[in-house]
Amino acid sequence: MVERQRRRNERAFQHVAGAVSRRGEETEDRRPSSSPMIRIVLSALVVLAWLSAYPPGQVSAQNQTITVVSFGGSYARACDRSYHDRFEAETGIRINLEDYTGGLAQIRAQVEMGNVFWDVVDLNMPELVRGCDEGLLVPVSIDDLPKGADGASVTDDFVEGTITECGATKLFFSRMIAYNDERIGDLKPTTTADFFDLEKFPGRRGMKRSPVANLEFALMADGVPQEDVYNTLDTEEGVRRAFRKLDTIKEQIVWWETAAHPPQMLADGEVTMTTAANGRIFNAQELEGQPFVILWNSQILYTSGYGIVEGTRNLEAARRFLRYASKAESMANLARYIAYSPTRRSAMPLISTHVETGVDMKPHMPTSPENVARALHNDWEWWSDNGEEMNERFSTWLAR
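Using my numbering, the final residue of the sequence shown is 427, and nothing's skipped along the way.
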């Protein structure tokens, strides 16, 4: 539909421009002394005719492309189908989707070099906050965000703590532990401690090559109650304790980089258990029939959202995309493709069934009453303050 409208607009522009051009030539022949003024007037008429040929709000959108960077795999496909395609159809702005593994390094390099080729980036909350503090992201006013589906104000509709100076988050997801039920014995793991118990559950373990979540898992496995995890990490001894616990399984860890890897490692038997994003495991269960099991009592709850890169050449188009993705309807529609929860209250009642399998999605949300009651809530402020130091210490630990 957008393409057909574009062609109609181009034909209208060519018709008007041609007619005005011919009239200009005739007038110029008759009255050469006034031709400069006539050319100015005629040029203005051409522009006005071109503007009138386009629907309101579509002028700058035609043939415009923004680069949106995200985490790939089934999550990227879910975003495409749930709201990327709809955004393109409604605005005429095309989305060039690229994958990355997270973090701020590539954004920082683009901004510092003055060569920004990413427009919008999917970021977890600590990076969204830190990127904003460093001036790597464009500030976003609350007034730029849409109201809730029920008319609620932005501040009332978003869950507390999910709005930042550079944007609002769009989903909750969990990093949790999963295993392949067909590749493990009669005794099943049930706790985070079981993940670290190589004697009770032999085999390799999958973990992301990052300190994020791994330090928390290590402390919980070592007996630290959930409510004390970040107070413990706030001490030097607590950090050392976490790394000592990781030492106990270090030789059996298979490190993964992207969220698409853990389901494949489980399916291939490369690992006995792995940490993973809950939505990736859900999709493998429902769409591929994989016999995977999630340990919900091991989950760490995260939020993520879009940030606009400072220096983008497509600022207004990027803002339009962020507003569209921040709608309650967009969030609820995403939850029909992958088991990630909206961060807007008015979106929750809109969640229904999976588009392909028809399964009720509400019980599979990490924020469902049963699941969230067992979650450790990621302290994004702690990670925003300490993330760089932990990354350095983790790299040193890996190299030992």
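Glycine included, each C-beta is placed from N, C-alpha and C at the ideal position. A quick note: this is a predicted structure, and the numbers were derived from the prediction, not measured.
Report task. For the region 135 to 148 and the region 174 to 191, state whether three or more C-beta atom pairs, one from each stretch, are separated by less than 8 Å. Result -> no
Query raised in the report: Based on the DSSP secondary-structure assignment, which residues constitute the bridge partners of residue 104?
Result: Paired residue(s): none; residue 104 is not in a bridge.
**Report entry** 8 Å Cβ cutoff met for residue 330 and residue 299
**Finding:** no
Requested in this report: Measure the CB-CB distance between residue 222 and residue 229 and report whether it falls below 8 Å.
Outcome: no
Query raised in the report: Are residue 375 and residue 238 close, meaning C-beta to C-beta below 8 Å?
Result: no
Query raised in the report: In chain order, what residues of the same chain have a beta carbon less than 6 Å from the beta carbon of residue 91, not counting five sequence neighbours either side?
Result: 120 and 344
**Report entry** With 16 other Cβ atoms within 10 Å as the buried cut-off, status of residue 390
**Finding:** exposed
Query raised in the report: What residues match up with residue 199 in a beta bridge as DSSP calls it?
Result: 330 and 368
**Report entry** Closest Cα partner of residue 169 within the set 179, 358, 359 and 161
**Finding:** 179
Requested in this report: For my contact list, residue 205 and residue 319 are in at a C-beta cut-off of 8 Å; report their separation, rounded to the angstrom.
Outcome: 5 Å
Query - Beta-carbon gap between residue 225 and residue 334 smaller than 8 Å - result: no
Query raised in the report: Of the residues 354, 392, 283 and 260, which one's Cα is nearest the Cα of residue 109?
Result: 354
Query - Own chain partners of residue 234 with C-beta closer than 6 Å, once the 5 adjacent residues on each side are dropped - result: 241, 280 and 302
Query raised in the report: Assuming residue 245 and residue 269 make a contact with CB atoms under 8 Å, what is their CB distance in whole Å?
Result: 4 Å
Report task. Given a cut-off of 8 Å, decide if residue 202 and residue 434 are closer than it, judged by their beta-carbon atoms. Result -> Past the boundaries of the shown model lies residue 434; the chain is included only from 28 to 427, so the question cannot be answered.
Query raised in the report: In angstroms, rounded to a whole number, what distance separates the CA positions of residue 290 and residue 254?
Result: 29 Å
**Report entry** Proximity of residue 393 and residue 200 at Cβ, strictly below 8 Å
**Finding:** yes
Report task. Specify the secondary structure class of residue 405 as computed by DSSP and reduced to three states. Result -> coil
Report task. Could you check which residue in 361, 152, 324 and 192 has the C-alpha nearest to that of residue 409? Result -> 152
Query raised in the report: Run through DSSP, which three-state label would residue 125 get?
Result: strand
Report task. Let me know the alpha helix (DSSP H) ranges lying completely inside the region 289 to 362, each 4 residues or longer, listed in chain order. Result -> 305 to 315, 342 to 352 and 355 to 361
**Report entry** Euclidean distance between Cα positions of residue 304 and residue 118
**Finding:** 31 Å
Query raised in the report: What is the C-beta distance between residue 105 and residue 361, in whole angstroms, given that I count them as a contact (C-beta under 8 Å)?
Result: 6 Å
Query raised in the report: Roughly how many angstroms separate the alpha carbons of residue 363 and residue 312, rounded to a whole number?
Result: 15 Å
**Report entry** In chain order, each beta strand (DSSP E) run of at least 3 residues that lies wholly inside the region 143 to 173
**Finding:** 147 to 151
Query raised in the report: residue 191 and residue 214: beta carbons closer than 8 Å?
Result: no
Query raised in the report: Do you know how far the Cα of residue 388 is from the Cα of residue 128?
Result: 27 Å
**Report entry** Counted within 10 angstroms of its Cβ, other Cβ atoms place residue 415 as buried (16 or more) or exposed
**Finding:** exposed
Query raised in the report: Which residues mark the beginning and the end of the alpha helix (DSSP H) in which residue 134 is found?
Result: 132 to 140
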